[in-house]
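Residue numbers (our numbering): 2 to 310. From the three backbone atoms N, C-alpha and C, an ideal C-beta is built for every residue, glycine too. Taking it in order: structure first as structure tokens, then the write-up.
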Ligand SMILES: NC(=O)c1ccc[n+]([C@@H]2O[C@H](COP(=O)([O-])OP(=O)(O)OC[C@H]3O[C@@H](n4cnc5c(N)ncnc54)[C@H](O)[C@@H]3O)[C@@H](O)[C@H]2O)c1
């Protein structure tokens, strides 16, 4: 039996359904609680949809959708759990009320991880009397397909809980990074925000269309970023001298570009411009059909590169 054999999922929306499928695939029991009456059917349908992809990616290890159970309360769902993944809406009052409710029901030493994208661990710790085993475990959508999970604890967290969470995520097939200090948006969302700010600046200032700015990312540097990080790629960008030579060659260029980057905020006018630009880009395609295409491309990329890592 795997370590952390009993898991619980609190909140089975976009993120919780995907985590459920992955945890089941890894051979765990998954106990779910969600306040929405339709959540059980939606989750079971989602798992059926995700299972072929998980199988293709080699992530199904003696797992079975039959190990999924739905529960009438959060306390009941977590009572036997060794690892709990919380995915309720990104509102501090909902998260802290839930933690206060489940804390007395948890097994000693159970690790509870929050998927929160923007709230900090310190803010969420307000819901706990003893937050030692409460960590951030931030995935990327959809968690059963995108490898990254950002793990963070702070002065109030046991090192063993952070280590345990990393061990668990690695065992279900994820790649983890450890965030050393709390900042809004952790690491990867800040990187996305930095790039997207400049993408919108280029659109707003008429340099290129929404479609062309998107193409400039996925057909250009995005293709490389899917296989290596930006600093590693620049280490390869100036011959044998590596990143030192690259910095020497391009200091003036980067400083000039950085000085010229936009510093806008998202507002109603810009949202309208993006909505129009996206309508021109996608034509008749729906978000559902585009999501299917996205997932197929992600699966193909991961399969094609798995043996080369
Ligand atoms: N969507 C993303 O791209 C993404 C990516 C990474 C992390 N996250 C984070 O994951 C968390 C969940 O986001 P989501 O996109 O899945 O939201 P969502 O709205 O799709 O799902 C939230 C679910 O929680 C349920 N819920 C509400 N109150 C509850 C309660 N008290 N107890 C149990 N269930 C409850 C809702 O019925 C819903 O099914 C958020 O913290 C979000 O920031 C989201």
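Check, Outcome
"7 Å Cβ shell around residue 211 - same chain, five flanking residues per side excluded", "204, 275, 278, 279, 282"
"Residue 180 beta carbon near ligand 3 (any heavy atom closer than 7 Å)", "In the structure on display, ligand 3 does not appear, and the ligands it does have are ligand 1."
"beta-carbon residue 13 near ligand 1 non-hydrogen atom, thresh 7 Å", "yes"
"Buried or exposed by the 16-neighbour rule on C-beta atoms within 10 Å, applied to residue 134", "buried"
"Inter-residue spacing [alpha-carbon to alpha-carbon] between residue 48 and residue 21", "8 Å"
"Rounded distance between the beta-carbons of residue 23 and residue 144, thought under 8 Å", "6 Å"
"Strand pairing of residue 140, partner residues [DSSP]", "150"
"Minimum C-alpha distance to residue 302 - residue among 69, 62, 147", "147"
"Straight-line Cα distance separating residue 11 from residue 67", "18 Å"
"Proximity test, residue 89 beta-carbon vs ligand 1 heavy atom, cut-off 7 Å", "yes"
"DSSP-derived helix/strand/coil call for residue 5", "coil"
"One or two residues paired with residue 11 in a DSSP bridge", "34, 87"
"Presumed contact (8 Å Cβ cut-off) between residue 102 and residue 78, rounded CB distance", "Not a contact, Cβ separation roughly 11 Å."
"Identity of the residue in 125, 116, 81, 117 nearest residue 98 by Cα", "125"
"Identity of the residue in 111, 88, 110 nearest residue 142 by Cα", "88"
"Alpha-carbon spacing of residue 322 relative to residue 295, whole angstroms", "Examination of residue 322 is not possible in this model, given that the chain is present from 2 through 310 alone."
"For residue 71, the residue or residues it bridges with in DSSP", "33"
"Option in 173, 140, 182, 51 with minimal Cα separation from residue 154", "182"
"Sub-8 Å separation of residue 94 and residue 117 beta-carbons", "no"
"Neighbour-count burial assignment, residue 139, 16 or more Cβ in a 10 Å radius", "buried"
"Residue 70 to residue 25 span [Cα, whole Å]", "11 Å"
"Cβ neighbour criterion (16 or more within 10 Å) applied to residue 55", "buried"
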